[in-house]
Amino acid sequence: MDRLPRGRHGLSPEFVARNQRDRLIAALILTLADVGYQKTTVSMIGRRAAVSKSDFYKHFDSKDECFLAAYDFAVGRIRASVTGACAAAGSVAWALRVQAAVVALLTLLTEEPALAAILLAEGLRAGRGIYDRYQSAVESFVPLLRDGAPDGPGGVPVPPATDEAVVGGVASLLSRRVIAGETADLKALVPDVLEFVLTPHLGTEAARRITSAG
């Protein structure tokens with residue numbers, strides 16, 4: 000997030016305020032990745048964003064409130080990436096749309112480790128309020144997975160609880176990897192994650208064929 004030019008710049012107060020707020024959110028995400036939630040302070044966020052402490056408090060009442068805004072921003076980035084990949088895939092088969100979504104998700108988390116950290120590591124350490132947001136975010140991806148999904152092998156419908164378990168399992172796997180400092184390797188998980196997600200609807204053999212061809 001670029002800083003505003005010094006001195007008179009002719010920008011509206013609304014634009015300046017929005018720019019400051021965005022810089023503070025970006026600074027918090029980067030600072031968390033460096034030192035963790037507990038060690039992050041308002042002063043550290045402000046310095047990184049080039050925003051004074053007094054201006055910080057014009058936007059947020061506390062570090063926690065800034066964290067909530069940053070967490071929601073990070074969830075939005077993930078959602079936009081996944082839904083964008085599905086939309087770009089168009090009307091192709093369900094399995095190929097799922098593949099595009101998995102690749103987009105793991106690519107974004109690999110390329111932006113600070114984003115992965117706030118979503119999948121620091122967010123789980125920041126208290127009940129954030130954990131509830133985490134659970135809500137995870138559950139919100141279940142309808143995306145079920146949209147256009149075929150029945151399971153033998154024509155048996157796949158219950159929503161199965162897809163909830165699948166999405167939750169993927170989130171849990173990624174969280175463990177990020178907490179262990181293995182963010183750089185997340186993209187390598189595409190084949191395993193894709194097979195895991197496809198199997199309830201397609202069966203093991205068909206899921207492996209698609210994964211191998213991908």
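In numbering that gives the first Met the number 0, the protein residues as written are 0 to 213. Just so it is clear, CB atoms sit at the ideal spot from N, CA and C, and this is done for glycine as well.
Mark residue 135 as exposed unless 16 or more other C-beta atoms lie within 10 angstroms of its C-beta, in which case mark it buried. Here residue 135 refers to the residue found at position 136 when the sequence shown is read from its first residue. The residue is exposed, with fewer than 16 neighbouring Cβ atoms inside 10 Å.
Closest residue to residue 64 among 54, 24, 97 and 49 (Cα-Cα distance): As a working mapping, residue 64 is identified with position 65 in the sequence shown. The shortest C-alpha separation from residue 64 is found at 24.
Can you find the residues in the same chain that come closer than 6 Å, C-beta to C-beta, to residue 148, ignoring five residues on each side of it along the sequence? What you label residue 148 is simply residue 149 of the sequence shown in a count that begins at 1. Correct list, in chain order: 93 and 200.
Nearest to residue 198 by alpha carbon, out of 173, 184 and 166? As a position in the sequence shown, residue 198 is number 199, starting the count at 1. Residue 166 is the option with its Cα nearest to residue 198.
Can you grab the Cα-Cα spacing for the pair residue 21 / residue 155, in whole Å? As a first step, residue 21 is located in the sequence shown; it is residue number 22 there, counting from the start. As a first step, residue 155 is located in the sequence shown; it is residue number 156 there, counting from the start. Near 47 Å, if we compare the C-alpha coordinates of residue 155 and residue 21.
How big is the Cα-Cα spacing for residue 89 and residue 96? For the purposes of this step, residue 89 is taken as the residue at position 90 of the sequence shown. For the purposes of this step, residue 96 is taken as the residue at position 97 of the sequence shown. Computed Cα separation, rounded: 8 Å.
When 54, 131, 18 and 10 are compared against residue 74, the one with the closest alpha-carbon: The residue labelled residue 74 in the question sits at position 75 within the sequence shown. Considering only alpha carbons, the answer is 131.
Taking all protein chains shown into account, decide if residue 40 is buried (16 or more other Cβ within 10 angstroms of its Cβ) or exposed. Here residue 40 corresponds to residue number 41 of the sequence shown, with the count starting at 1. Flag for residue 40 reads exposed.
With 16 as the cutoff for other CB atoms within 10 Å, does residue 6 come out buried or exposed? For the purposes of this step, residue 6 is taken as residue 7 along the sequence shown, with counting starting at 1. Any reading at residue 6 needs caution, since the residue's pLDDT is 49, under 50, leaving its predicted position unreliable; the model's value is listed next. Looking at its Cβ environment, which holds fewer than 16 other Cβ atoms inside 10 Å, residue 6 is exposed.
Considering only the alpha carbon of each residue, which of 60, 43 and 187 lies closest to residue 101? As a position in the sequence shown, residue 101 is number 102, starting the count at 1. It is 187.
Should residue 81 and residue 103 be called a contact, given that it needs their Cβ atoms to be closer than 8 Å? Reading the sequence shown from its first residue, position 82 is the one you call residue 81. Reading the sequence shown from its first residue, position 104 is the one you call residue 103. Contact: yes.
Backbone CA spacing between residue 72 and residue 211 [nearest angstrom]: Along the sequence shown, one-based indexing puts residue 72 at 73. Along the sequence shown, one-based indexing puts residue 211 at 212. Between residue 72 and residue 211, the C-alpha separation is close to 34 Å.
What residue range is occupied by the uninterrupted alpha helix (DSSP H) comprising residue 31? Position 32 of the sequence shown, counting from 1, holds the residue named residue 31. Looking at the DSSP string, the run of the alpha helix (DSSP H) that includes residue 31 is 12-34.
Could you name the residues of the same chain whose beta carbon sits closer than 6 Å to that of residue 59, not counting the 5 residues immediately before and after it, in chain order? Locating residue 59 in the sequence shown gives position 60, counting from the first residue. 65.
Would you identify the three-state DSSP class for residue 90, choosing helix, strand or coil? If you number the sequence shown from 1, residue 90 lands on position 91. DSSP places residue 90 in coil when its eight states are reduced to three.
Excluding the 5 residues flanking residue 145 on each side, which residues of the same chain have their C-beta closer than 6 Å to its C-beta? Residue 145 sits at position 146 when you count from the first residue of the sequence shown. Contacts found: 162.
I'd like to know whether the C-beta atoms of residue 169 and residue 195 end up nearer to each other than 8 Å. Within the sequence shown, residue 169 is the residue found at index 170, counting from 1. Within the sequence shown, residue 195 is the residue found at index 196, counting from 1. Their beta carbons are under 8 Å apart, which means residue 169 touches residue 195 by this criterion.
Just the Cα atoms here: how many angstroms apart are residue 106 and residue 56? Here residue 106 corresponds to residue number 107 of the sequence shown, with the count starting at 1. Here residue 56 corresponds to residue number 57 of the sequence shown, with the count starting at 1. The alpha-carbon atoms of residue 106 and residue 56 are separated by roughly 35 Å.
Residue 138 versus residue 160 - alpha carbon distance: Looking up residue 138 in the sequence shown gives position 139. Looking up residue 160 in the sequence shown gives position 161. If you take the alpha carbons of residue 138 and residue 160, they lie about 10 Å apart.
Tell me which same chain residues have a C-beta within less than 7 Å of the C-beta of residue 178, skipping the five on either side of it? If you number the sequence shown from 1, residue 178 lands on position 179. Answer for residue 178: 120, listed in chain order.
Apply the 10 Å Cβ neighbour rule to residue 34 and answer buried if 16 or more other Cβ atoms are within range, or exposed otherwise. In the sequence shown, the residue the question calls residue 34 occupies position 35. It counts as exposed.
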